[in-house]
Amino acid sequence: MAQPTTFLPRGKAAGAHRTSNTTESRTKNILANLPIGGTTAVQSLLGTFVRQGKAKVGLRVKELQVLKGAPPVVPSLPEQATAGAFLVSQSIFDVKGGTRAVIFDRLSGVKEDVINEGTHFLVPWLQRSVIFDVRTKPRNIATTTGSKDLQMVSLTLRVLHRPNVKALPKIYQNLGVDYDERVLPSIGNEVLKAIVAQFDAAELITQREAVSQKIRTELTRRAAEFNIALEDVSITHMTFGREFTKAVEQKQIAQQDAERARFIVEKAEQERQANVIRAEGEAESAETISKAIAKNGDGLVQIRKIEASREIAQQLSSNPNVAYLPTGKSGNGGQYLLSVGRA
């Protein structure tokens, strides 16, 4: 029976021919060593295996030839649109108001340009954007340190800070996006401890504005070394140890007691001076009256009586429960009014 013809490339055909010859030679050697009675059956079986192997090799070659000549698979229009939209979405990024961006390139590293607000393009996978918030932000720095007279002081400092926009690439390279977390607590504690150690505890209270100004100047200088701008620095909280607080309270109480005693002394002195002045005035008044009586007789006394009667009449007239009547005798200058109270 004729074997099927298989067309192979020159190199592959030669290799297949050598494989076939090797297989046939091995088969002949096996048949030569078999007993006489089993030669025919084994020969038939081995021949079947060889023919099947050749047929399988030819089938594989035909499959490869079919795949090699097949046309390429073209994506559909929706698939192309989806891929294009994904590529575009990965190529653009937005920089919102109050923020700036820095571009990191996988080949050249961080670029020196600062990206302003708006929509911008980049190369997907090769580049990525890093967003920085450049608005002024508050931060509290708390520390406990010792004063010049070895009193423990707890301070809380409020700092309004923002990054230097032109130095954002350098900030990202050296510190990262969380630059304020890395820098401000460290330099804040350093400056607070150094400045507070120059003042006594009492001076920290009485010269608080000067202490705050000194802290502001030094902290601004230190933050500028890391490209951080400080808008405002102020002390919001200051407490001392229990013993110092108690001593201050006792001192304030003593000062209040001293002020109270001083006030009492000054009040007594003023009262004494007032009495002296009053006595001197009464003496001068009595002397003046005596001289007037000696000179004018009873005329001055009569004038005083008339003035007293006028005052009494004004008081009685304003009281609805009191009525007054004349005595009815003319020529009697000693009695001018008669007041009768109603029951």
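According to my numbering, the sequence shown is numbered sequentially starting from 1489.
Every residue, glycine too, gets a C-beta built ideally from N, C-alpha and C.
Predicted, not measured: the structure shown is a model, and the values here were computed from it.
If you drop the 5 nearest sequence neighbours on each side, which residues of the same chain put their C-beta closer than 8 Å to that of residue i?
i        : result
Lys-1599 : Val-1590, Ile-1591, Phe-1592, Asp-1593, Pro-1657
Thr-1632 : Met-1640, Val-1641, Ser-1642, Leu-1643
Ile-1703 : Leu-1645, Val-1679, Leu-1680, Ile-1683, Val-1721, Ile-1723
Arg-1616 : Ile-1591, Phe-1592, Leu-1610
Gln-1695 : Phe-1687
Arg-1798 : none
Pro-1673 : Ile-1629
Ala-1685 : Thr-1633, Gly-1634, Ser-1635, Lys-1636
Glu-1772 : none
Ser-1579 : Phe-1609, Leu-1610, Val-1611, Pro-1612
Ala-1569 : none
Ser-1564 : none
Could you pull the DSSP bridge partners for residue i from this structure?
i        : result
Thr-1631 : Leu-1643
Phe-1592 : Val-1598, Arg-1616
Thr-1705 : Its beta-bridge partners do not exist; DSSP assigns none.
Val-1583 : Gly-1606
Leu-1862 : Shown here, the chain extends from 1489 to 1831; a query on residue 1862 therefore has no answer.
Leu-1621 : Before going further, note that residue 1621 is Asp rather than Leu in the sequence given. Answer is Thr-1587, bridged to Asp-1621.
Taking C-alpha atoms, which residue in the options lies nearest to residue i?
i        : options                                : result
Lys-1681 : Val-1665, Asn-1604, Val-1699           : Val-1699
Gly-1897 : Gly-1634, Leu-1614, Phe-1581, Val-1618 : There is no way to answer for residue 1897, as the model of the chain reaches only from 1489 to 1831.
Gly-1690 : Phe-1728, Glu-1770, Asn-1662           : Before going further, note that residue 1690 is Ala rather than Gly in the sequence given. When only C-alpha atoms are compared, the closest one is Phe-1728.
Leu-1663 : Ala-1711, Ala-1774, Val-1576           : Ala-1711
Thr-1708 : Leu-1595, Glu-1799, Ile-1675           : Ile-1675
Asp-1637 : Val-1618, Ser-1617, Trp-1613, Phe-1687 : Phe-1687
Phe-1574 : Val-1602, Ser-1596, Trp-1613, Val-1562 : Trp-1613
Pro-1651 : Gln-1744, Glu-1706, Ala-1685, Glu-1719 : Glu-1719
Ile-1603 : Asp-1666, Ser-1596, Val-1583           : Val-1583
Phe-1714 : Ser-1579, Glu-1669, Lys-1625, Leu-1804 : Glu-1669
Asp-1601 : Glu-1737, Ala-1655, Ala-1771, Leu-1804 : Ala-1655
Ile-1777 : Glu-1768, Ala-1767, Arg-1766, Val-1789 : Val-1789
Val-1647 : Ala-1685, Val-1665, Gln-1701           : Gln-1701
His-1725 : Gln-1738, Glu-1747, Glu-1697           : Glu-1697
For my contact list, residue i and residue j are in at a C-beta cut-off of 8 Å; report their separation, rounded to the angstrom.
i        : j        : result
Thr-1587 : Phe-1620 : 6 Å
Ile-1716 : Val-1671 : 6 Å
Arg-1627 : His-1649 : 6 Å
Leu-1692 : Ser-1635 : 6 Å
Apart from the five residues on each side of it in sequence, which residues of its chain come closer than 7 Å, Cβ to Cβ, to residue i?
i        : result
Ala-1529 : A caution first: Ala-1529 carries a pLDDT of 49, below 50, which makes its placement in the model unreliable, though a value can still be read off. Contacts found: none.
Tyr-1660 : Val-1590, Val-1598, Val-1618
Val-1576 : none
Leu-1533 : The predicted position of Leu-1533 is uncertain, since its pLDDT is 47 and thus under 50; no value can be drawn from it.
Gly-1585 : Glu-1605
Excluding five sequence neighbours on each side, which residues of the same chain lie with their C-beta closer than 6 Å to the C-beta of residue i?
i        : result
Gly-1822 : For Gly-1822, the predicted structure reports a pLDDT of 46, less than 50, and the residue's modelled location is therefore unreliable. A value from the coordinates is still provided. No residues qualify anywhere along the chain.
Ala-1630 : Thr-1644
Tyr-1667 : Ile-1659
Ser-1805 : none
Asn-1677 : Thr-1631
Pro-1492 : Because the pLDDT at Pro-1492 is just 47, under 50, the model does not fix this residue reliably, and the point stays unresolved.
Asn-1807 : none
Glu-1795 : none
Gly-1769 : none
If we cut at 9 Å on Cβ distances, does residue i have a partner in chain D?
i        : result
Gln-1639 : Structure shown: chain D not included; a single protein chain is present.
Unbroken stretches of the beta strand (DSSP E), 3 residues or longer, contained in the region 1705 to 1754: Listed in chain order, the complete beta strand (DSSP E) runs (minimum 3 residues) inside the region 1705 to 1754 are 1716 to 1728.
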